[in-house]
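**Student:**
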Amino acid sequence: MRASRFMILLYVCMVGIPVLLLIYAFSYLFSQLFIERLVLAIIAFGLILYGILSFVDVYARKKGVNPHEVQIKLRFLERKKIEEGAPSLGKEGEKVVNLKIKRFNPDKKGLEESSYKMFADSLTTVLDMLLGVKASKDSTLAMRYSCRMGICGSCGMVVNGKPVLACETNVFKNLEKDEISVEPMQGHALLRDLVTDFDDFFEKHSSIKPGLYRVDEKEKYEPTKPYYQSKAELDKFLPYSYCIMCGLCVDACPVSNTNKDFLGPQALSQVYRYNADSRDQKGLRRIFDVDTLDGVWGCEFAGACSEVCPKGVDPATAIQLLKAELSKNLLKED
Ligand code: SF4
Ligand code: FES
16 MRASRFMILL YVCMVGIPVL LLIYAFSYLF SQLFIERLVL AIIAFGLILY GILSFVDVYA
76 RKKGVNPHEV QIKLRFLERK KIEEGAPSLG KEGEKVVNLK IKRFNPDKKG LEESSYKMFA
136 DSLTTVLDML LGVKASKDST LAMRYSCRMG ICGSCGMVVN GKPVLACETN VFKNLEKDEI
196 SVEPMQGHAL LRDLVTDFDD FFEKHSSIKP GLYRVDEKEK YEPTKPYYQS KAELDKFLPY
256 SYCIMCGLCV DACPVSNTNK DFLGPQALSQ VYRYNADSRD QKGLRRIFDV DTLDGVWGCE
316 FAGACSEVCP KGVDPATAIQ LLKAELSKNL LKED
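In C-alpha cells:
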C-alpha cells in the first residue's frame with residue numbers, strides 16, 4: 016500500500032510538475048493576461064489528474080485487480096464493520112437480513128445450511144447478497160452467474176422454495192420475517208454449493224435438433240432472397256423463442272423430477288418453437304420424434320414450468336399444442 020502511494024507521488028512529481036512549470040513558462044513568455052494563465056493552469060491540472068488516473072489504472076491491471084471486485088469488496092467490508100458493531104447503523108432504507116444458504120457438499124453428499132447477516136436495501140438482489148457473502152464472509156461459496164440482468168440464464172437457484180433467477184430476485188420483496196433462504200436447484204445434478212450440472216439439460220436440448228432445417232442446405236447458408244414472414248407467422252413461434260435455457264422449468268416440473276428420461280419442458284417447448292416457424296422445412300419429423308411416453312405424452316400438464324419461466328415462454332401450452340398436432344395427424348392417418 017505504502018509503495019503504491021509513493022509510486023503515485025513519484026509519478027506526479029516526474030510528469031505533473033514539469034508539465035505545470037512548462038505551461039507557466041509559456042504563459043509568461045507569450046501573455047500576461049490572467050484569464051489565459053487561468054485556462055492554462057486548468058489544462059495543467061487536467062493533465063496531472065489524467066496522469067494519476069492512468070497510472071492507478073495501469074498499476075491495478077498489472078496487479079491483476081478487477082476494479083469491479085474491489086468495488087464489491089470495499090462495499091461489503093464497510094457493511095461488515097457496521098454489522099459487527101451496531102446493525103442499526105446501516106444506511107437509511109437498509110435493514111439486516113438473515114440469508115440462509117443451503118450448500119451442496121459433494122464430500123458429504125448432502126446439503127448444509129449456513130446463515131449470514133447481510134445488509135440489503137430496496138434494490139438488493141439475491142445475487143448481490145451472495146456476491147457480498149463471497150466478498151466479505153466466505154470466499155469459498157460457489158455459484159454460477161454471468162450477465163446479472165436476466166439474459167444469460169446461468170444464475171438459476173431456489174429462493175424461498177421457488178426456482179428463480181437470483182439476479183432478478185429482489186430481496187425485500189421475498190423476505191419472510193427478515194429472512195430469505197437460498198438453495199441449489201434439485202432438478203439438475205448437484206456439483207457444489209449452488210452450482211448444478213447442466214449436461215443432461217443441454218443434451219436433451221440438442222437432441223430435438225434446435226435450428227431451422229432447409230431442404231436445400233446450400234440455400235440456407237447462401238440465401239438468394241430474404242425469408243419473409245407475416246406478423247401472424249411470427250406471432251406463432253416468437254414467444255417460445257425467448258427461452259434463455261435457465262432450466263428453471265425443468266426444476267419446477269414434477270415429471271422431470273421423478274423421471275430423468277422425460278425430455279422436459281424446455282426441450283419440448285423448443286420442438287414446438289421450431290415446428291411452428293414457417294421458415295423450417297423439417298415438416299412433422301421433429302414432432303414425430305417426441306411422440307413417446309418420455310416425450311410429449313410424459314407431460315401431465317402440471318403447469319409449474321410456465322409458472323416459473325422468467326421469460327414467459329409457457330412450455331406447458333407448447334406441449335399441449337404438440338399433443339394436439341400429433342392427435343390431428345393420427346386422426347388423418349385413420
Ligand atoms: S422455458 Fe423458460 S424456464 Fe424453461 S429454460 Fe427456457 S427460459 Fe428457462
Ligand atoms: S446472471 Fe445472467 S440471468 Fe442471472
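Residues 16 to 349, numbered by our numbering, are exactly what the sequence shown covers, in order. All C-beta atoms in this analysis are idealised placements derived from N, C-alpha and C, irrespective of residue type, glycine included. Note that this is a predicted model, so its numbers are computed, not measured.
For Met-16, which residues of its own chain have a beta-carbon under 7 Å away from its beta-carbon, when the five flanking residues on both sides are left out?
**Tutor:** Caution applies to Met-16, whose pLDDT of 42 falls short of 50 and renders its modelled position unreliable; the value that the coordinates give is listed next. Once the five neighbours on either side are set aside, Met-16 has no close Cβ partner at all.
**Student:** What does the alpha-carbon distance come out to for the pair Ile-116 and Gln-285?
**Tutor:** C-alpha separation (whole angstroms): 33 Å.
**Student:** At which residue ranges does the segment 95-157 contain complete alpha helix (DSSP H) runs of 4 or more residues, listed in the order of the chain?
**Tutor:** Those alpha helix (DSSP H) runs which fall completely within the segment 95-157 and span 4+ residues are 141-151.
**Student:** How many angstroms separate the CA atom of Leu-53 from the CA atom of Leu-64?
**Tutor:** Their Cα atoms are separated by approximately 17 Å.
**Student:** Can you check whether the CB of Cys-268 is closer than 9 Å to the CB of Pro-325?
**Tutor:** It is not a contact, given that the beta carbons lie outside the stated cut-off.
**Student:** Compare the Cα-Cα distances from Phe-70 to each of Ala-56, Arg-159, Val-34, Val-30 and report the closest residue.
**Tutor:** Nearest option by C-alpha distance: Val-30.
**Student:** Roughly how many angstroms separate the alpha carbons of Asp-276 and Glu-237, rounded to a whole number?
**Tutor:** For Asp-276 and Glu-237, the distance between alpha carbons rounds to 38 Å.
**Student:** Relative to the ligand MG, is the shortest distance from any of its heavy atoms to the C-beta of Gly-313 smaller than 8 Å?
**Tutor:** Annotation note on the ligand MG: not contained in the displayed structure, which lists the ligand SF4 and the ligand FES as its ligands.
**Student:** Going by the CB atoms, is the gap between Leu-156 and Leu-145 shorter than 9 Å?
**Tutor:** It is a contact, given that the beta carbons lie within the stated cut-off.
**Student:** Can you give the Cα-Cα distance for His-203 and Arg-300, rounded to whole angstroms?
**Tutor:** Going from the Cα of His-203 to the Cα of Arg-300 covers about 29 Å.
**Student:** Excluding the 5 residues flanking Cys-314 on each side, which residues of the same chain have their C-beta closer than 6 Å to its C-beta?
**Tutor:** The answer, listed in chain order, is Ile-334.
**Student:** Quick one: any contact between the segment 171-179 and the segment 195-202, if contact means 3 or more CB pairs under 8 Å?
**Tutor:** Yes, the segment 171-179 touches the segment 195-202.
**Student:** At a cut-off of 8 Å, would you count Gly-147 as near the ligand FES, judging by its Cβ distance to the nearest heavy atom?
**Tutor:** No.
**Student:** Ignoring anything shorter than 4 residues or poking outside the segment 241-290, list the alpha helix (DSSP H) runs there in chain order.
**Tutor:** Qualifying alpha helix (DSSP H) stretches, in chain order: 246-252, 263-267, 269-273, 280-290.
**Student:** Is it buried or exposed, Phe-303, if we count other Cβ atoms within 10 angstroms and call 16 or more buried?
**Tutor:** Phe-303 should be labelled exposed.
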